[in-house]
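With this note's numbering, the residue at position 265 of the sequence shown is 285, and numbering never jumps.
For each residue, glycine too, the CB sits at the ideal point set by N, CA and C.
Bear in mind that the values here come from a model prediction, so they are computed numbers and not experimental data.
This report refers to the structure that appears directly beneath it.
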Amino acid sequence: MRIAAVQATPAFLSRSGTIDIVLARLGEAAAHGAEVVAFPETFIPGYPVWGSHSNSSSWEHPDQQGAFAWYLDQAVDLSGPEFGQIVSAVKDAGVFAYVGAVERSASRGSVYCSLVAIDPAQGMVSVHRKLKPTFDERMVWADGDGAGLVSHQHQGVHLSGLNCWENWMPLARSAMYAAGTEIHFAVWPGAVGLTQDLTRFMAREGRIFVVSVGGVYGIDDIPEDFPLRDQMAASGPTYFNGGTCIAGPDGEWIVEPVRGEQIVYADLDVAEVRKARQNFDPAGHYSRPDVLRLEVNRNRLA
């Protein structure tokens, strides 16, 4: 199965501009024979990079409120016509896609870090909302739920995906293994330091392929009129440098972490997963459900 991991920079805080980038990269990846295409965490309209590069915990600070209001305004209504363009493009291209998006809640006052799975025949098949935002992300994103802790079958291969540090959560990983995943997509804002250890570890632990997908962000990508831009500029010019990489079921690199905007391609033979599970299947013959048991609440909570 040929996969494409899109390491790119969004049109930061522009929903329509970033959707245009997604459509272009989808078409490019499909033209290169990709069967599954994945984008970074909250690619539409971008990761809240100001959280760790400003006074994000300041109570009722007008610039922080202005930044959040902008983010909320540019968040995605997954049932709306704009995101529908992506669903249609996926169907036209005949690929399966994982797209990171900032999902606006029905209350219109909260946003989720969501990973949307789109099937070329069925359209949107799941929306996974990040279970627990990490550190300063909690100033922006609401808690998610387990409704999206599922795998999907495409061309006979089981696919799954998690957001960023969820991939460090042992029980979240176990839920993916139990769902039968064979190729797992770990999506990140984008940094070699985030992906270089966990990607190989998870691949080896689960005896699966793990595709980590990261973005690229720098001060030049931040709009001039963004209220926190001056604070961000003071912390340096580069925030995320990519880190997209792929590891095989033996925990060895197929593609080592890369930097800069590019699409990373790989042809993955799922037979290697079956071979690796001869001596270790964490959710099968090497499990003890009579002693250790995982229960997953897959209800949508909001």
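Neighbourhood of V56 by C-beta, 6 Å cutoff - its chain only, sequence neighbours within 5 removed
I23, F116
Just tell me which of D245, A58, A54 has its CA closest to the CA of S232.
A58
Next on the checklist: Can you tell me where the beta strand (DSSP E) holding W5 begins and where it ends?
Outcome noted: Because residue 5 is not part of the residues shown, which for the chain are 21 to 322, the question remains open.
Residue ranges of each alpha helix (DSSP H) within the segment 22–93, 4 or longer: 35–51
request  = Take the Cβ of K295 as the centre, count every other Cβ of all protein chains shown within 10 Å, and call the residue buried at 16 or more, exposed below.
outcome  = exposed
*asked:* My output table needs one value for W208: the three-state DSSP class, helix, strand or coil.
replied: coil
Exercise for review: Please look up how many angstroms separate the CB atoms of R318 and A167, rounded, as I've assumed it's under 8 Å.
Suggested key: 5 Å
Q. Between E225, W161, L191, which lies nearest to L169 when the distance is taken from Cα to Cα?
A. L191
Task: Sequence-distant residues of its chain with Cβ nearer than 7 Å to G268 (five each side left out) - done: A223, F229, I274, E292
Q.
Let's test the definition: count the other Cβ atoms within 10 Å of the Cβ of Q85 and tell me whether it reaches 16, buried, or not, exposed.
A. exposed
Exposed or buried, which one is A205 when buried takes at least 16 other CB atoms within 10 Å? First, the amino acid is wrong: residue 205 is Phe here, not Ala. F205 comes out buried.
Practice problem: Mind the definition here: the segment 208–215 touches the segment 172–180 only if three or more C-beta pairs lie below 8 Å; say whether that holds. | Solution: no
For a test of the three-state rule: what should DSSP assign to P277, helix, strand or coil?
strand
Can you name the start and end residues of the alpha helix (DSSP H) that A286 belongs to?
Premise fails: A286 lies in the beta strand (DSSP E), 282–287, not in any alpha helix (DSSP H).
- Task: Compare the beta carbon distance of Y132 and G164 with 8 Å and say whether it is the shorter of the two.
- Result: yes
Grouping DSSP H, G and I as helix and E and B as strand, with all else coil, what is G104?
helix
Along the alpha helix (DSSP H) that carries D250, what are the first and last residues, could you check? 249–254
Practice problem: Tell me whether D139 sits in a helix, a strand or coil according to DSSP, three-state version. | Solution: strand
query: Can you name the start and end residues of the beta strand (DSSP E) that A195 belongs to?
result: Counting along the chain, A195 falls outside any beta strand (DSSP E), though it belongs to the alpha helix (DSSP H) covering 190–198.
- Query: In chain order, what residues of the same chain have a beta carbon less than 8 Å from the beta carbon of G280, not counting five sequence neighbours either side?
  - Reply: Q27, V236, N261, G262
With a floor of 4 residues, list each alpha helix (DSSP H) that falls wholly inside the segment 215–274, ordered by position along the chain.
-> 218–226, 249–254
TODO: Spatial neighbours of D83 within its chain, please: CB distance less than 6 Å, with the 5 preceding and 5 following residues excluded, ordered by chain position.
DONE: P247, L248
* Asked: Would you report the Cα separation of D241 and I39, rounded to the nearest angstrom?
  -> 16 Å
Note to self: Once the 5 residues before and after L92 are set aside, which same chain residues still bring their CB inside 8 Å of it?
What the structure shows: R124, R128, G129, V131
Under DSSP, the beta strand (DSSP E) around A121 begins and ends at which residues?
116–124
_Three-state class that DSSP yields for G213 in the structure shown_ = helix
Self-check item: Close-in-space but distant-in-sequence residues of the same chain around V316 (CB under 7 Å, 5 per side omitted)
Solution: G166, L169, A195
Exercise for review: Please report the Cβ distance between S72 and D156, rounded to the nearest whole angstrom; I am assuming they are in contact, meaning their Cβ atoms lie under 8 Å.
Suggested key: 5 Å
Rounded straight-line distance, which links the Cα of L314 to that of L43: 38 Å
Identity of the residue in I203, R193, G256 nearest M21 by Cα = I203
Original post:
Using a Cβ-Cβ cut-off of 7 Å (strictly less than) and excluding sequence neighbours within five positions of M159, which residues of its own chain qualify?
Top reply: G71, S76, S77
Beta bridge counterpart(s) of W161 as assigned by DSSP:
V131
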